[in-house]
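Count along the sequence shown starting at 1, add 53, and that's the number in the numbering used here.
Every residue gets a Cβ at the ideal spot worked out from N, C-alpha and C, and that includes glycine.
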Amino acid sequence: MATIQASLRRRKLTVAVAESCTGGLLSAVLSAHGGASDVFVGGMVVYSNEAKTVLADVAPQLIHSHGAVSSVVAGALARGSRARLGAKIGLGITGIAGPGGATPGK
54 MATIQASLRR RKLTVAVAES CTGGLLSAVL SAHGGASDVF VGGMVVYSNE
104 AKTVLADVAP QLIHSHGAVS SVVAGALARG SRARLGAKIG LGITGIAGPG
154 GATPGK
């Protein structure tokens with residue numbers, strides 16, 4: 054993590070995260086080391102579809118047309134976290150947590 058932080062710091066980059074199935078795990082990792090506040094702006098857990106729309110500004114029609122577990126929604130989460138938290142880089146994570154939760158094609 055120190056190497057990533059140093060690289061971000063050198064480039065004057067900051068990171069924000071909107072994560073669903075990971076439930077804040079990435080945010081915990083990014084904030085666990087000294088100096089994290091130089092590069093990590095913050096994160097949001099957007100587990101429900103409503104949270105994705107309210108907190109990360111994901112358009113409901115994207116969720117309905119592509120599904121909450123899609124690259125389109127992950128991209129929207131990344132853009133939403135970046136815009137909402139004022140970071141240079143936004144990361145969006147979505148997926149299926151646990152066995153048996155997937156539908157065909159996911």
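Could you check which residue in the options has the C-alpha nearest to that of residue i?
i	options	result
Leu-108	Arg-137, Leu-78, Arg-62	Arg-137
Gly-151	Arg-132, Thr-67, Leu-144, Gly-76	Gly-76
Lys-141	Asp-110, Ala-121, His-119, Ala-131	Ala-131
If you draw a straight line from the C-alpha of residue i to the C-alpha of residue j, how long is it?
i	j	result
Val-125	His-86	31 angstroms
Ala-55	Arg-135	22 angstroms
Pro-113	Cys-74	18 angstroms
Val-99	Asp-91	24 angstroms
Ala-121	Ile-149	10 angstroms
Quick one: using the 10 Å Cβ neighbour count with 16 as the cut-off for buried, is residue i buried or exposed?
i	result
Met-162	The displayed coordinates of the chain run from 54 to 159. Any statement about residue 162 would go beyond what the structure contains.
Phe-83	First, the amino acid is wrong: residue 83 is Leu here, not Phe. When all chains shown are included, Leu-83 counts as buried.
Glu-103	exposed
Leu-66	exposed
Gly-88	exposed
Ala-81	exposed
If I measure Cβ to Cβ from residue i and keep anything under 8 angstroms in the same chain, skipping five residues before and after, which residues do I get?
i	result
Ile-116	Asn-102, Lys-105, Thr-106, Val-126
Can you list, in chain order, the residues of its chain whose CB lies under 6 angstroms from that of residue i, leaving out five sequence neighbours each side?
i	result
Leu-79	Val-70, Glu-72
Ala-129	Val-111, Leu-115
Leu-144	Val-70, Ala-131
Phe-93	Val-68, Leu-83, Ser-84
Please list, in chain order, all residues of the same chain as residue i whose beta carbon is under 7 angstroms from its beta carbon, the five residues on each side excluded.
i	result
Gly-166	Because the chain here runs from 54 to 159, residue 166 falls outside it and cannot be looked at.
His-119	Val-125, Val-126
*Would you say the region 110-125 touches the region 55-62, given that touching needs at least three Cβ pairs under 8 angstroms?*
no
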